[in-house]
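Chains as they are written, first to last, in this note's numbering: chain R, 1 to 319; chain G, 320 to 645. Cβ coordinates follow ideal geometry from the N, Cα and C atoms, glycine included. None of the values given here were measured: they were computed from a predicted structure. To keep things clear, I will list the structure first and then write my remarks on it.
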Ligand SMILES: Cc1ncc(C[n+]2csc(CCOP(=O)(O)OP(=O)(O)O)c2C)c(N)n1
Ligand SMILES: [Mg+2]
């Protein structure tokens, strides 16, 4: 494996950042400091990090309503994300977007999306532009198992199939779309098989194993960059928390949740790193502590930033 | 008669219609065991298991399949989790459901209800907060309603289910937990009739959906300024009850329209147009005023979101300005 120690520790750090960011968001949400709704990514960290680790900074991603993880993994600043969630002028969207709409152009993140499957044709378009301009960029399109049942998914994969677009469709199959289990919502067990219908390779990966995700995505990104076309990757994973705020999770069992929590992607990676003598427990602990500080800084930055200005409410409607 | 929330009144109407007609059923996302994103069908499962069909996230085909069911004699109710997502189903609403009756010379009919929670005030930002009744009111062949009270929501849902046309049924999310008197058992509230919710002699406030309780609140406050406002709940945009509005404005001589949608080309423009084309024009002693949302996507930050649409104080101000001018 050609991954450097430095890169692996970066991956570990990003996973811990996502986990702790989400825990902080959950805390602030419960204190009514965050408004509206939000969808936490806890339990799925390995997918975003493994995938984004296979991209360059100027490659593109599109994200979903459950987008904080993708955003952090692609390199966004947590303080500006936190500021957005608190509705501040310093947030990525100046308080206009909130959790479901964070965009960071500087890291190629074309944005989270409030509409399920909303990002799929957009990602396809970004890849089409890369192909037409020959800029060598690759796009990763993150979407959920539920999104794979929207017509836009099928239309987009067909386009990517006929035009051999430089794109990786990355389905985060966390077994549920809101309350609906994949077995009730989706006619096939493995979403990856849908690639066949569009002449796109479909690959399944263990979404809780960051190195496995990295390897799989890396290969797909390589194919895309070489002009060999799109790949559909299905990352099997699990969201630990409810779908959004106040979800009693009546549609699944506590035992099932427990089983998945035992395959904690962060613990799994930590033990891989230690077993292979890549990092010591102390080194990892230091990273954990450093992330704690980063999260506190992000929060302090956000809470001390000015609120979005009502006088400017009509700004940014048109370019 | 007992006091119920809007959401309970709605659920009661659904259960009673499910029981009444075997052809009535509902489909939508997460309406079964989850009970719907806003809890409208909470607790109905498992008793109404056969009546609540959980669908994949496929709005275009949910609505399209609703049209198909309706064509062959069923009376489907389709829940679109947030009305914003009807945009994914526009083809089957606008080009199919709305037109099949006319295009086929009256051979087909589409007795389908699309229930669509709308509106801002929940911090869900631009793609989950729109109020789009006006968009649909432009399309011949659709009926468009937006009940504002528990009494009306129960009676109008029943009327919508029994109507032989596609009815777009908008429910403002902030209304769900409001309360009001609701009779037990069966009754309908006709589609196409406005309601005078408060009588007054000085000015007519014409409001819809969430702006009805806000206008009622404003009207109470306006008493302190010696202004006796009449409040009309438009209830139904298509068909529109022009008669009731014209009659009221002819009496008061002043009109203000309060909308939850953004202003540009909103339904209030249609009301203004109907008024100035009518005899009420002769009775107007001030220009008609419109209060509506700003022409922006709904912002996330709470201060911005609140400022995006009229609040009670804006209605009070708006009315006072009309009188202060004199
Ligand atoms: C077009 C559309 N339909 C419905 C919704 C409401 N909704 C938000 S997330 C969600 C479930 C999405 O499931 P999935 O794609 O599997 O993503 P996950 O939440 O599991 O990450 C639903 C139904 C929406 N936002 N957009
Ligand atoms: Mg899912």
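From the options, pick the residue whose C-alpha is nearest to that of residue i; which is it?
i	options	result
residue 432/G	467/G, 457/G, 476/G	476/G
residue 369/G	334/G, 526/G, 384/G, 359/G	334/G
residue 318/G	371/G, 512/G, 637/G, 626/G	An answer regarding residue 318/G cannot be provided, because it is not within the stretch 320 to 645 covered by chain G.
residue 16/R	312/R, 274/R, 264/R, 304/R	264/R
residue 116/R	95/R, 64/R, 105/R, 107/R	64/R
residue 226/R	164/R, 100/R, 6/R, 254/R	164/R
residue 313/R	426/G, 329/G, 624/G, 603/G	624/G
residue 173/R	77/R, 47/R, 128/R	47/R
residue 302/R	203/R, 82/R, 159/R, 69/R	82/R
residue 390/G	489/G, 484/G, 495/G	484/G
residue 266/R	277/R, 287/R, 254/R	287/R
residue 249/R	354/G, 336/G, 531/G	354/G
residue 59/R	97/R, 126/R, 149/R	126/R
residue 304/R	102/R, 310/R, 91/R	91/R
residue 445/G	102/R, 31/R, 222/R, 223/R	102/R
residue 13/R	295/R, 112/R, 254/R, 188/R	295/R
residue 640/G	614/G, 626/G, 615/G, 607/G	607/G
Does the distance between the C-beta of residue i and the nearest non-hydrogen atom of ligand 1 fall short of 7 Å?
i	result
residue 482/G	no
residue 238/R	no
residue 67/R	no
residue 70/R	no
residue 376/G	yes
residue 404/G	yes
residue 190/R	no
residue 442/G	no
residue 172/R	yes
residue 39/R	yes
Relative to ligand 2, is the shortest distance from any of its heavy atoms to the C-beta of residue i smaller than 7 Å?
i	result
residue 43/R	no
residue 176/R	yes
residue 587/G	no
residue 135/R	no
residue 347/G	no
residue 146/R	yes
Rounded to whole angstroms, how far is the Cβ of residue i from the Cβ of residue j, which I believe are closer than 8 Å?
i	j	result
residue 558/G	residue 320/G	Actually they do not touch by this definition, with Cβ atoms about 28 Å apart.
residue 556/G	residue 452/G	6 Å
residue 551/G	residue 575/G	The pair is not a contact, with the Cβ atoms about 11 Å apart (cut-off 8 Å).
residue 443/G	residue 402/G	No, residue 443/G and residue 402/G are not in contact; Cβ-Cβ is about 12 Å, not under 8 Å.
residue 375/G	residue 99/R	The pair is not a contact, with the Cβ atoms about 24 Å apart (cut-off 8 Å).
residue 561/G	residue 592/G	Not really, about 10 Å apart at Cβ, beyond 8 Å.
residue 11/R	residue 210/R	6 Å
residue 94/R	residue 298/R	Wrong, their Cβ atoms sit about 17 Å apart, outside the cutoff.
residue 348/G	residue 159/R	Going by Cβ atoms, the distance from residue 348/G to residue 159/R rounds to 26 Å, so no, they are not a contact pair.
residue 194/R	residue 207/R	The pair is not a contact, with the Cβ atoms about 17 Å apart (cut-off 8 Å).
residue 359/G	residue 429/G	23 Å between Cβ atoms; not a contact.
residue 633/G	residue 573/G	Not confirmed; about 17 Å, so no contact.
residue 171/R	residue 151/R	16 Å between Cβ atoms; not a contact.
Sorted by chain position, which residues of the same chain lie with C-beta nearer than 7 Å to residue i's C-beta, five sequence neighbours on each side aside?
i	result
residue 628/G	439, 579, 612
residue 543/G	none
What residues in its chain sit with their C-beta under 6 Å from that of residue i, if we drop five residues either side in the sequence?
i	result
residue 74/R	52, 61, 107, 109
residue 643/G	none
residue 419/G	427, 429
residue 247/R	none
residue 563/G	513
Using a Cβ-Cβ cut-off of 8 Å (strictly less than) and excluding sequence neighbours within five positions of residue i, which residues of its own chain qualify?
i	result
residue 340/G	394, 480
residue 631/G	533, 536, 537, 540
residue 274/R	280, 281, 284
residue 181/R	175, 251, 252
residue 157/R	169, 194, 195, 197, 198, 200, 230, 232
Should the segment 121 to 140 of chain R be regarded as contacting the segment 27 to 47 of chain R, the criterion being three or more beta carbon pairs within less than 8 Å? no
Counting beta carbon pairs with one atom in the segment 564 to 573 of chain G and one in the segment 530 to 539 of chain G, are three or more of them shorter than 8 Å? no
Count the CB pairs spanning the segment 233 to 245 of chain R and the segment 205 to 224 of chain R that are closer than 8 Å, and state whether there are at least three. yes
Meets three-Cβ-pair contact criterion under 8 Å: the segment 459 to 472 of chain G and the segment 380 to 390 of chain G: no
Answer yes if the segment 581 to 593 of chain G comes into contact with the segment 618 to 625 of chain G, meaning at least three C-beta pairs across the two stretches below 8 Å, and no otherwise. no
Counting pairs of beta carbons, one from the segment 28 to 39 of chain R and one from the segment 72 to 92 of chain R, are three or more of them closer than 8 Å? yes
Any 3 or more C-beta pairs closer than 8 Å across the segment 134 to 141 of chain R and the segment 23 to 31 of chain R: no
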